[in-house]
Amino acid sequence: MTAVDQGVWAAPGRINLIGEHTDYNDGFVLPFALPQRTVVTAERLDRPEWSVTSTLTGETVTFDLSEPVTGWAAYVAAVVWVLREAGHDVPGARLSIDSDVPGGAGLSSSAALECAVLSALADLGGLDIPVEQRPSLAQRAENAYVGVPCGIMDQSASTLCREGHALFLDCRSLATEQIPLDLAGQGLAILVIDSRAPHQLVDGEYAARRAACERAAELLGVPALRDAVLDDLSRLDDELLIRRSRHVITENARVLDTIALLREGRLREIGPLMTASHASMRDDFEITVPEVDEAVETALAAGAYGARMTGGGFGGCVLALVEAEKAATVAEAVTAAFAARGFHPPATFLALPSPGAHRLS
Ligand code: GLA
Numbered sequence: 107m108t109a110v111d112q113g114v115w116a117a118p119g120r121i122n123l124i125g126e127h128t129d130y131n132d133g134f135v136l137p138f139a140l141p142q143r144t145v146v147t148a149e150r151l152d153r154p155e156w157s158v159t160s161t162l163t164g165e166t167v168t169f170d171l172s173e174p175v176t177g178w179a180a181y182v183a184a185v186v187w188v189l190r191e192a193g194h195d196v197p198g199a200r201l202s203i204d205s206d207v208p209g210g211a212g213l214s215s216s217a218a219l220e221c222a223v224l225s226a227l228a229d230l231g232g233l234d235i236p237v238e239q240r241p242s243l244a245q246r247a248e249n250a251y252v253g254v255p256c257g258i259m260d261q262s263a264s265t266l267c268r269e270g271h272a273l274f275l276d277c278r279s280l281a282t283e284q285i286p287l288d289l290a291g292q293g294l295a296i297l298v299i300d301s302r303a304p305h306q307l308v309d310g311e312y313a314a315r316r317a318a319c320e321r322a323a324e325l326l327g328v329p330a331l332r333d334a335v336l337d338d339l340s341r342l343d344d345e346l347l348i349r350r351s352r353h354v355i356t357e358n359a360r361v362l363d364t365i366a367l368l369r370e371g372r373l374r375e376i377g378p379l380m381t382a383s384h385a386s387m388r389d390d391f392e393i394t395v396p397e398v399d400e401a402v403e404t405a406l407a408a409g410a411y412g413a414r415m416t417g418g419g420f421g422g423c424v425l426a427l428v429e430a431e432k433a434a435t436v437a438e439a440v441t442a443a444f445a446a447r448g449f450h451p452p453a454t455f456l457a458l459p460s461p462g463a464h465r466l467s
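Here it is as structure tokens:
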């Protein structure tokens, strides 16, 4: 590949239609990319040094990887580090970062940053990194350098999604299939409700869920919960592990059922699967909070076909499948319900399946 001296690259946030906490269990996910994205303007430097400016705060962090980098710039340093680890000759660079992916909302602002920086550095260095290898590199950057034990969904979505499609990803084989998601063509919309309840992956709850799943798989004698079926649960005597496992097993099945319906163009019928996914996250996986439960219940009462929380949990966003013409009414109903319960006002917007990471100029 020919190296370029400078350019502008973008990578999007994502929302997950269904398949939550299944990725690190070797299971199935169905995310799509959002129009909200991180944009990196970059130029190559002739020395092994990286200078990163956030256009949001005006802050600049400069590093050469001789010392660990912390804070938001760690996500950038992590990508430099992982590419070097993989044997690539990463060029020094000056990078300026802008983003309209809301942080802490479960919409993968971290993956958007990692994937945009990875695209920029790959092109600046003329590095030959096939696109299908990029999600694993970005995930490893986050796992090993930043220290967040995330799965591979977010980086895959931010890299591989296509406009107008959801990405069916088998997190074991990493096989992908682009599933057409023509919401507008069917008069539908996906309303996103950002609960604005704080969401933190690093606070230990995510890691605890992951550890419980790994323990259950070990006790069942399977490589991952992907390989377990509901009947196996009678072999576990820990009630908590039974519930955690049941979420993963039933959620994988819901992803496959959703895809079968989408392939037949029966979009409205995925609603009950989305709502069942939420109930499973609330009751079995225990990762919801009152704000997101309220958003789901109110959206359903206001006429949504289905609604569920998306992302790691403990706050963040809900997505609701609605008739396009009803989206504003559902959003207003949720806003009113939040006010009545004394919650922070939610933010709402419509999610359009958008393209994955690419060079803008
Ligand atoms: C976060 C992680 C993902 C995935 C989801 C839950 O977004 O980064 O890997 O595990 O939570 O589905």
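Residue numbers for the sequence shown follow our numbering, beginning at 107 and rising by one.
Using N, Cα and C, we set each Cβ at its ideal position, and we do this for glycine too.
Being a predicted model, the structure only gives us computed values, none of them experimental.
Asked, Found
"Would you be able to state if there are at least three C-beta pairs under 8 Å between the segment 211–220 and the segment 172–190?", "yes"
"Is M107 helix, strand or coil when you go by DSSP?", "coil"
"Below 8 Å, how does it come out for the segment 138–145 and the segment 360–372: are there three or more Cβ pairs, yes or no?", "no"
"Ordered along the chain, which non-local residues of its own chain (more than five positions away) have a Cβ less than 7 Å from that of A457?", "I121, L140, I296, V298, L425"
"What is the DSSP secondary structure of D105, counted as helix, strand or coil?", "Residue 105 lies beyond the stretch modelled for the chain, which goes from 107 to 467, so this question has no answer here."
"Using the beta carbon as the reference atom, which residues fall closer than 5 Å to any heavy atom of ligand 3, ordered along the chain?", "Among the ligands present in this structure, namely ligand 1, ligand 3 is not found."
"Can you confirm whether the segment 405–413 touches the segment 431–440 when touching is taken to mean that 3 or more C-beta pairs between the two stretches lie within less than 8 Å?", "yes"
"When the Cα of A410 is compared with those of E400, I258, G293, L427, which residue comes out closest?", "L427"
"Given a cut-off of 8 Å on the beta-carbon distance, is the pair Q261 and P236 in contact?", "no"
"Taking 7 Å as the limit between beta carbons, can you name the residues of its chain near Q286, skipping five residues before and five after?", "Inspection of the sequence shows that residue 286 is occupied by Pro rather than by Gln. Result list for P286: G270, H271, in chain order."
"I need the straight-line Cα distance from L230 to T168, nearest angstrom please.", "18 Å"
"CB D206 to CB Q142, shorter than 8 Å?", "yes"
"Can you give the Cα-Cα distance for V188 and R414, rounded to whole angstroms?", "34 Å"
"Nearest-angstrom Cα distance between D129 and H353?", "13 Å"
"Let me make sure I understand the geometry here. Which of G210, W178, S225 has the alpha-carbon closest to that of R465?", "S225"
"Look at the alpha carbon of M107 and the alpha carbon of L227, and state the distance between them as a whole number of angstroms.", "12 Å"
"Between the C-alpha atoms of F274 and H384, what's the straight-line distance to the nearest angstrom?", "19 Å"
"Give the range of the beta strand (DSSP E) segment to which L272 is assigned.", "Residue identity check: residue 272 is Ala in the sequence provided, not Leu. 271–276 is the span of the beta strand (DSSP E), which, as asked, contains A272."
"When the Cα atoms are used, what is the spatial distance from V328 to V440?", "42 Å"
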